[in-house]
Every structure is written in structure tokens, then in C-alpha cells.
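Report on the following structure.
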Amino acid sequence: MTDLLASLNEAQREAVAATPGNQLILAGAGSGKTRVLVHRIAWLLQNTDITPHGIMAVTFTNKAAREMRERIEEVLGFPARGMWVGTFHGLAHRLLKAHFKDAKLPESFQILDSDDQLRLIKKLVKQLNIDDERFPAKDIQWWISAQKDEGLRAAHIEAYDPHTQAQLTVYSAYEEACLRGGFVDFGELLLRAHELLRDNQHLLEHYRQRFQYLLVDEFQDTNTIQYAWLRLLAGETGAVTAVGDDDQSIYGWRGAKIENIQQFEQEFSNVRRTKLEQNYRSTGSILTAANAVIENNTDRLGKELRTDSGPGEPLSLYTAFNEQDEAHFVVERIQQWVDNGHRRDSCAILYRSNAQSRVLEEALIRNGVPYRIYGGQRFYDRLEIKNALAYLRLIIGRNDDTALERVINVPTRGIGGKTVDIVRDFARDHGCSMWEAMQQVIQHKLLTARAGNALISFMHLIDQMDEATDDLTLAEMAEQVIEMSGLKDHHMKEKGEKAQARLENLSELVSAAKVYDYDDEEPTSPLRQFLDDAALDAGEQQADEHSDSVQLMTLHSAKGLEFPLVFMVGVEKNLFPHKMSFDEPGRLAEERRLCYVGITRAMEKLYICYAESRRLHGKESFNGPSNFIKEIPSEVIQEVRLRTEITRPTTVASGYASQEAANDLGLKIGQRVFHQKFGEGVLTGVEGSGGNARVQVNFDYEGSKWLVMQYANLRPM
Ligand code: ATP
Ligand code: MG
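Residue numbering for the sequence shown follows our numbering, beginning at 607 and increasing consecutively.
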């Protein structure tokens, strides 16, 4: 057991050891909010008569929940069994599982992830004969989720215009379909958990008595329904500690409400307020940059943040030739960092959108640098994994239409789209599942002999798998299913790296299943639990979590984390701030908060990169540096480009460009050159050699550019 208060400053110590009651800890990034939360829990357990059973802690990701539990147990020196730690979604799921009857759900209800949800909505749009060009399923999905985040069911909504009417029609049909199939989407988890407590007084009383302490991290990103749930659960007796930072609210686009912070202060009684102003994470330069950027936002609650650590290294700005060059630069710097004795997992590459990761991944793979991705193409979202899971789902429940549609012809087994349409229509007309429909359709010979036989063998296969896996452990079962379904052969026959990766992922699934075993205390089977976790986890972590790899993630998923070395890439107009943010008021401010989150993830060194030209989604664009870069004071940021060499032509400060390489090409750094299109300029950098050589020229009128030597046709002057 460690001394809980010793490693805290005074403000933190007071918050940790405060007398029981409601608390709001509002403070900037890296000021130790999460640390206070963890120590508060440990302190309560040590110094009051509360047991782990009486505590619920809410984190923003499942990974954060696991870490929080680990840290609490580490501080305490004993396991904190019975404590509920999880995301709002995870905790809601747990409640619904425990009280499925009161929640009016079937025992084996199943979580519908956003992919499945979209598939179902598409199907309904088609069935309802709604014009999917005017009302794209994706938009409807978005709209339905937004309603649920606000706590609204279809029955609560009144539609006056045709647009809302169409959406509402789908929402009603969707609610019905979910109820029939026992599906619960992410928004539904929260909504239903709220209704469960609201409508069942005995349960509400029970949980109010049980959870005397409720602690919520990243409170600024709670949405309406989460807040309502918390409010309900706390009642007048539960003590809530809310921890957050209004400057880090980055999920407004998904319904999060910064206003919940003010509402908390108004609605909860005697809220004790703590400010933390000392940042323990970052160097002075990093903090100066972060503060300067966020100052451009208005409507802030206003906080101070300072550090005692010195200025550290300045930030570095790298202007890349294109996205390839950017990736190349990042990988090279990471390799240097690792060569200097650092671990790879101390570096993170942060980007605005998932699509940016591919080029970075390729560069990392090319250079043999292990990496892993948070979010994005999430492990459990990957096609091959979802297929394998669908087979597992069918083993538990044949009436799982979504799973059935997913794999009925994967791998191909001669069941065409037409056959599936017939089965689907039959199911709809008779209000039965597709599995039942298949039986009927076969029995009544509604199909050609060939199609009928194909269906029969598919059904056979599922039954066989069910039998064959009866006595197996979950891992063995997964392995068996991957074999028997033909998925393994299917990907083995495909060529290329992608197929190889798919096979690797399938083996990874078997390893992931190994952690699940029968547990007498758990009411559900390991398979059921595994499937639920897979849906909930949404791949925040991959199975190789503990290996030493560079971390790739979107800025959004970096919230709450910290890394000694951080690269923010693609800091370009249109990309970041995202071009979508131009249309909506408030969105630019949210993008700026996202930038603040990104900068404040860095502890020692931050690189900001942008590319002069970028190929993304198959289009080439020339965006120019983001305005956020201009908001960083020049004293704390230095360009990696070799501008300094313009005045000191013979020295090359960075190992990145070399005088020898320039010599090889018959050019000298600092030399004046002429380009057909851009005119005259000074050669400021060279990279690579032979056909790959690229040069950087600072043109008199066009500014600095990277050019491929081979095509540039530069003439020495
Ligand atoms: P964010 O807003 O990004 O979530 P946070 O406010 O939750 O940040 P923490 O992650 O709790 O901040 O702390 C940031 C870092 O500072 C951590 O490495 C933490 O261990 C360290 N730290 C916090 N308080 C202290 C302290 N009093 N002494 C030394 N280190 C501290
Ligand atoms: Mg935190």
C-alpha cells in the first residue's frame, strides 16, 4: 500500500481527501484529473467504511476502465472486486443483462454495432419503399442515434415535415425490428438502461443504496441521456465526482453537451469545486503552444495552466512534399528515437481521420516498425472477424437474421441474391426469422432444386458446427468454426498481403477467445460474453496490446492519453480543421479543442506535420497549412525545413538532407536553380538518391516546394 496523498499537490490532496459529497473538478489537460479520480477511489476505500461494492466509476473507453481498475488495485495493494468500472455503454449493458426481464428484453439480447445497424436500416428503407437517394440510410442512422442520445423514442417525436416523417417512419420500423430480433444498438443501451431505472422503483432504490459514490471522468463529453441516467442513479443520496475540461469537449457532433458541466453545478447539491492549475505532463513549450491555440476560442469557462518543468525542446514543424514524404519523415524520426534507446510505444501518431492511417501504416510496415491502431479499422470491425463472429452467433441463435445474412453466402456456396430475397420476403410476410423462413421455403418447394439444396447444405453446416463445438473451449470453438465454415480456405485462396492479414486476424481471434473460460459467477456462457465484449469493445485494443509498438490513432481516440513523443500529421486546411466544420457554427471551436487535445498529449516532444500536396480518397489536393499552426507562437516552434541553410548554405543541420546526396546530383545546397514553372529559387534540401531523389527548393515567388529530382529539370544558375 502506498501513501495515497504523498504524490499529490495540495489542491489534488484536498480533492482526494474531501469529506463525502458532490464534487466538480474542472481543470486543463495533464493537471492530474484522472489521477485524482483514481486516488479518490482508493482513499475512500481506505479511509471510510465504503467497500468496492459501493463504487461506480465511469471512463470514456474500455481501455481506460481496465487501466483505472489496475491503478486502483495497484495503489490499494488488493483487488477491488465488486466495484463497477466501465464506460457508460458498458455499465448500461451490465445493468440490462442483469435485469433483462424488467428491461423487456430477451435474455440473449444482442448488441447491434453500427455496421449491423446500418445494414438493418438499409433493409428497412428498401422495404418501406423510401427513396434512399433522398433519404440515405446513413443519414437516417445518424438521426435515429441523435434521437436516442436525447432520450427520445419514435413515439415521442412529432413530425410535421416530409423529411422528418420519412425518418420517423424508419425509426418506428427499426424499433420494431430490434424488438423482434432482440437487438440493442449503442444508443439503445443507454436509453433502455435509463428507462429501466426510471420505470422500476425497486431497482432504482436498490442501486441508489448500493452505489454511494459515482465518479465520472471526461465529464465534458457526456450526452443528455448519460447525464439523465447519472442524475437518476445518484438521486439525493449518491455522491458524484465529475471530472472534466470544457476545452477538451470534442464529441459535440455526437451529442455531447458541455452544458452538462454547468447543469451539474446547478442540479446537484453543495458541489465542491476544485481547480487544478499545475500541469505535470508536458514541457513548457508544449504547454505554451496548447494555451495559445485554445485562447482563440471564446465562451470558455476559463482556466489557468502552468508547469514547473522547463521549456524543453521547441515543437517541430515539418512541411512535407506529399503524404508519402510525411509518412517517411515520421517513420525516420521514430527510428531515430528508438535508436536513442526509447520504447516504440512511447510514440504516438495522431491524425484527424481514419483514412489517413493507411499511408502511415505502409511506411511503418516497409520499415519493419511494429505499430498498432486504436479505433479506425477496429479489430472486431474487420470483415473476416465479423464473418467468423457471425457464424458463432448463429451457433447460439439461429434466428439472428443479421448474422445469417452476413454469412449465408460467405464463402460463396451458390446461394444467390435472389434466393436470399425470397427468404427475406417470406420472413417479413410471415413475421418469422430468416432461418424459419428457410425451413418453410424449402418445405414448400418455393425455390429451384438447386437453390433449395444450397440452402439445405448451409443449414446443415450450421447444425453440424453447433454439434461439433459442443464440448469445446471457446478458443477451440473459434478455431473449429473458422475451419468448418470454409473461411480459412476462402482467405487462403486469396492472394496478397491483405489475405495474409485476414488469416492472421483470424488466428488473432482464436487468441482473443483464449481468455474466456467458464466462470461460475457469470450467468452467461463464455461465447455469449465474448460476442458481447467484441461488440462493446469495438476494437479499442488489439490483442497485441502488450507488445512494444508505435501507437496510431485519431485525435479523438487520443483523449486522456499521454506519450513522450507525439506526431500530429495532416495539420492542413480542409483536413484539420475538417472541412465539414466550416458549415456549422461551433464546429470550428470544437476542431480547435481537438487540436488542444492533440497538442496536450505530448510530454517531451511534439512534431506537427503537413503536406503540400496530398492524395486522399483518390483525389489530389493542395490544402496549405492549417490556421491552427499559425496560432502557435513562433518562439516555441521551429521548422524542420532547411530554411536556415539559405543563410548558411554550406551546413546542413538535419541529417535528413545531405550535402553528399546533393553533390551526387551535381547540385549544391544553397545554390540558385531555375524551374520551368516555378521560376528561380534556392536549393535548400535533398533527400534520397538515384531515381528517388527529391529536392527542396525555396522559390522566390512560389515559396518552398519539394520536387522529384528526376522530373524537376532544375537548371543550375
Ligand atoms: P487529461 O485532461 O489529458 O485527461 P488529466 O488532467 O486527467 O489529463 P492525468 O492524466 O491524471 O491528467 O495526469 C497527467 C500526468 O501527470 C500523469 O502522468 C500523472 O501521473 C502526472 N501527475 C499528475 N499529478 C501529479 C503530481 N501531483 N505529481 C506528479 N505527477 C503528477
Ligand atoms: Mg484524464
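Glycine included, each C-beta is placed from N, C-alpha and C at the ideal position.
Worksheet item: In terms of residues, what are the limits of the alpha helix (DSSP H) holding C1201?
Response: As a working note, residue 1201 is residue 595 in the sequence shown. It spans 1193 to 1205 - the alpha helix (DSSP H) in which C1201 sits, taken as one unbroken run.
Discussion item. Since E990 and N1111 should fall inside the 8 Å C-beta cutoff, what is the C-beta to C-beta distance between them, to a whole number of angstroms?
Written reply: If you number the sequence shown from 1, residue 990 lands on position 384. If you number the sequence shown from 1, residue 1111 lands on position 505. Indeed, because the Cβ distance is near 6 Å, the residues count as touching under 8 Å.
Worksheet item: Do you know offhand how far V790's Cα is from L1171's?
Response: Your numbering for residue 790 matches position 184 in the sequence shown. Your numbering for residue 1171 matches position 565 in the sequence shown. Answer to the nearest angstrom: the Cα atoms are 40 Å apart.
Fill in: N- and C-terminal bounds of the alpha helix (DSSP H) containing K669
Taking the first residue of the sequence shown as 1, we reach residue 669 at position 63. First-last of the alpha helix (DSSP H) with K669: 668 to 682.
Fill in: Any non-hydrogen atom of the ligand MG closer than 7 Å to K909 Cβ
Mapped onto the sequence shown, residue 909 falls at position 303. It does not: the Cβ of K909 is nowhere closer than 7 Å to a heavy atom of the ligand MG.
Discussion item. In the DSSP assignment, the alpha helix (DSSP H) including G787 goes from what residue to what residue?
Written reply: Here residue 787 refers to the residue found at position 181 when the sequence shown is read from its first residue. First-last of the alpha helix (DSSP H) with G787: 768 to 787.
Worksheet item: Any idea what DSSP makes of R964, helix, strand or coil?
Response: Stepping through the sequence shown from its first residue, residue 964 is reached at position 358. Three-state DSSP puts R964 in a helix.
Item to complete: Look at the alpha carbon of D852 and the alpha carbon of Q1070, and state the distance between them as a whole number of angstroms.
Response: For the purposes of this step, residue 852 is identified with residue 246 of the sequence shown, where counting begins at 1. For the purposes of this step, residue 1070 is identified with residue 464 of the sequence shown, where counting begins at 1. Taking the straight line joining both Cα atoms gives about 55 Å.
Fill in: 8 Å Cβ cutoff met for N628 and R878
Looking up residue 628 in the sequence shown gives position 22. Looking up residue 878 in the sequence shown gives position 272. Yes, these two residues count as a Cβ contact at 8 Å.
Worksheet item: Rounded to whole angstroms, how far is the Cβ of L836 from the Cβ of A698, which I believe are closer than 8 Å?
Response: Start at 1 with the first residue of the sequence shown, and residue 836 comes out as number 230. Start at 1 with the first residue of the sequence shown, and residue 698 comes out as number 92. Taking 8 Å as the upper bound for CB-CB distance, L836 and A698 are not in contact here, some 11 Å apart.
Discussion item. Mapping the DSSP letters down to three states, classify H705 as helix, strand or coil.
Written reply: Walking along the sequence shown from the start, residue 705 turns up at place 99. Of the three classes helix, strand and coil, the one that applies to H705 here is coil, per DSSP.
Worksheet item: Quick one: Cα of M1098 to Cα of S1117, how far?
Response: Indexing the sequence shown from 1 puts residue 1098 at position 492. Indexing the sequence shown from 1 puts residue 1117 at position 511. In a straight line, the C-alpha of M1098 is about 19 Å away from that of S1117.
Fill in: Terminal residues of the alpha helix (DSSP H) in which M1159 lies
Here residue 1159 refers to the residue found at position 553 when the sequence shown is read from its first residue. First-last for M1159: 1156 to 1160, but that is the beta strand (DSSP E), not the alpha helix (DSSP H).
Practice prompt. Can you have a look at D1027 and say buried or exposed, based on whether 16 or more other CB atoms are within 10 angstroms of its CB?
Written response: Along the sequence shown, read from residue 1 onward, the residue named residue 1027 stands at position 421. Under this definition D1027 is an exposed residue.
Worksheet entry | Sequence-distant residues of its chain with Cβ nearer than 8 Å to T1253 (five each side left out) | As a position in the sequence shown, residue 1253 is number 647, starting the count at 1. In this prediction, T1253 has a pLDDT of 32, which is less than 50 and means its spatial position is unreliable; what the coordinates show is noted afterwards. Cβ neighbours of T1253 beyond the five flanking positions: none.
Worksheet item: What are the boundary residues of the beta strand (DSSP E) that includes K1225?
Response: Here residue 1225 refers to the residue found at position 619 when the sequence shown is read from its first residue. Unbroken beta strand (DSSP E) run through K1225: 1225 to 1227.
Discussion item. Let me confirm a value: H812 is counted as buried when at least 16 other C-beta atoms fall within 10 Å, else exposed. Which label applies?
Written reply: In the sequence shown, the residue the question calls residue 812 occupies position 206. Exposed, since its Cβ has fewer than 16 Cβ neighbours within 10 Å.
Worksheet entry | Buried or exposed (CB count within 10 angstroms, at least 16 for buried), L1248 | Position 642 of the sequence shown, counted from the first residue, corresponds to residue 1248. Residue confidence for L1248 is low, a pLDDT of 43 falling below 50, so the modelled location carries little weight; the figure read from the coordinates is stated next. The residue in question, L1248, is buried, as its Cβ has 16 or more Cβ neighbours within 10 Å.
Practice prompt. Please specify which runs of the beta strand (DSSP E), each continuous and at least 3 residues long, are wholly inside the segment 1031 to 1067, giving them in chain order.
Written response: The qualifying runs do not exist here; there are none.
Worksheet item: Residue range of the alpha helix (DSSP H) that I1088 falls in?
Response: In the sequence shown, residue 1088 corresponds to position 482, counting from 1. Start and end: 1080 to 1090.
Fill in: Buried versus exposed, by CB contacts within 10 Å (16 or more), K863
Residue 863 sits at position 257 when you count from the first residue of the sequence shown. Answer is buried; the Cβ neighbour count reaches 16.
Fill in: Residues that E1178 bridges to, as DSSP identifies them
Taking the sequence shown and counting its residues from 1, one reaches residue 1178 at position 572. Bridge partners of E1178: P1231.
Worksheet item: Relative to the C-alpha of R1030, which residue among L630, D1076, K732, E1196 is closest?
Response: Here residue 1030 corresponds to residue number 424 of the sequence shown, with the count starting at 1. Nearest of L630, D1076, K732, E1196 to R1030, Cα basis: K732.
Fill in: Length at least 3, wholly inside the segment 693 to 737: the beta strand (DSSP E) runs in chain order
Entirely contained in the segment 693 to 737, the beta strand (DSSP E) runs reaching 3 residues are, in chain order, 716 to 718.
Discussion item. Can you list, in chain order, the residues of its chain with a C-beta nearer than 7 Å to that of A617? Leave out the 5 residues immediately preceding and following it.
Written reply: By 1-based counting over the sequence shown, the position of residue 617 is 11. These residues qualify, in order along the chain: T880, K881, L882.
Discussion item. Three or more C-beta pairs under 8 Å: does that hold for the segment 668 to 688 against the segment 907 to 923?
Written reply: Not touching, per the Cβ criterion.
Practice prompt. Give the DSSP-derived three-state secondary structure of K992 in the structure shown.
Written response: What you label residue 992 is simply residue 386 of the sequence shown in a count that begins at 1. K992 falls in the helix class under three-state DSSP.
Discussion item. Whole angstroms are fine: how far does the CA of E801 sit from the CA of A783?
Written reply: Along the sequence shown, read from residue 1 onward, the residue named residue 783 stands at position 177. Along the sequence shown, read from residue 1 onward, the residue named residue 801 stands at position 195. Straight-line Cα distance between these residues: approximately 19 Å.
Worksheet item: Assuming E1168 and G793 make a contact with CB atoms under 8 Å, what is their CB distance in whole Å?
Response: Looking up residue 1168 in the sequence shown gives position 562. Looking up residue 793 in the sequence shown gives position 187. Not a contact, Cβ separation roughly 30 Å.
Discussion item. Based on DSSP bridge pairs, tell me the residues matched to E1293.
Written reply: Translated into positions along the sequence shown, residue 1293 becomes position 687. In the DSSP output, where bridge partners are listed per residue, E1293 has R1300.
Worksheet item: Going by the C-beta, is S1168 closer than 7 Å to any heavy atom of the ligand ATP?
Response: If you number the sequence shown from 1, residue 1168 lands on position 562. It should be noted that the sequence gives Glu, not Ser, for residue 1168. True, at least one ligand heavy atom lies under 7 Å from that Cβ.
Fill in: Contact under 8 Å by Cβ, F927 with E739
Sequence index remark: in the sequence shown, residue 927 carries index 321 (1-based). Sequence index remark: in the sequence shown, residue 739 carries index 133 (1-based). Contact: no.
Worksheet entry | Whole-angstrom distance between L1109 and Q807, CA atom to CA atom | In the sequence shown, the residue the question calls residue 807 occupies position 201. In the sequence shown, the residue the question calls residue 1109 occupies position 503. Cα to Cα, Q807 sits roughly 50 Å from L1109.
Fill in: Nearest neighbour of E1042, chosen from G1003, R1019, G1023, D1077 [CA to CA]
As a first step, residue 1042 is located in the sequence shown; it is residue number 436 there, counting from the start. Ranking the options by Cα distance to E1042, first place goes to G1003.
Worksheet item: Given R677, which residues of its chain have a CB within under 8 Å of its CB, disregarding the five upstream and five downstream residues?
Response: One-based indexing of the sequence shown puts residue 677 at position 71. Result list for R677: V644, in chain order.
Practice prompt. Reducing DSSP to helix, strand and coil, say where H948 ends up.
Written response: For the purposes of this step, residue 948 is taken as the residue at position 342 of the sequence shown. Residue state, collapsed to three classes: coil.
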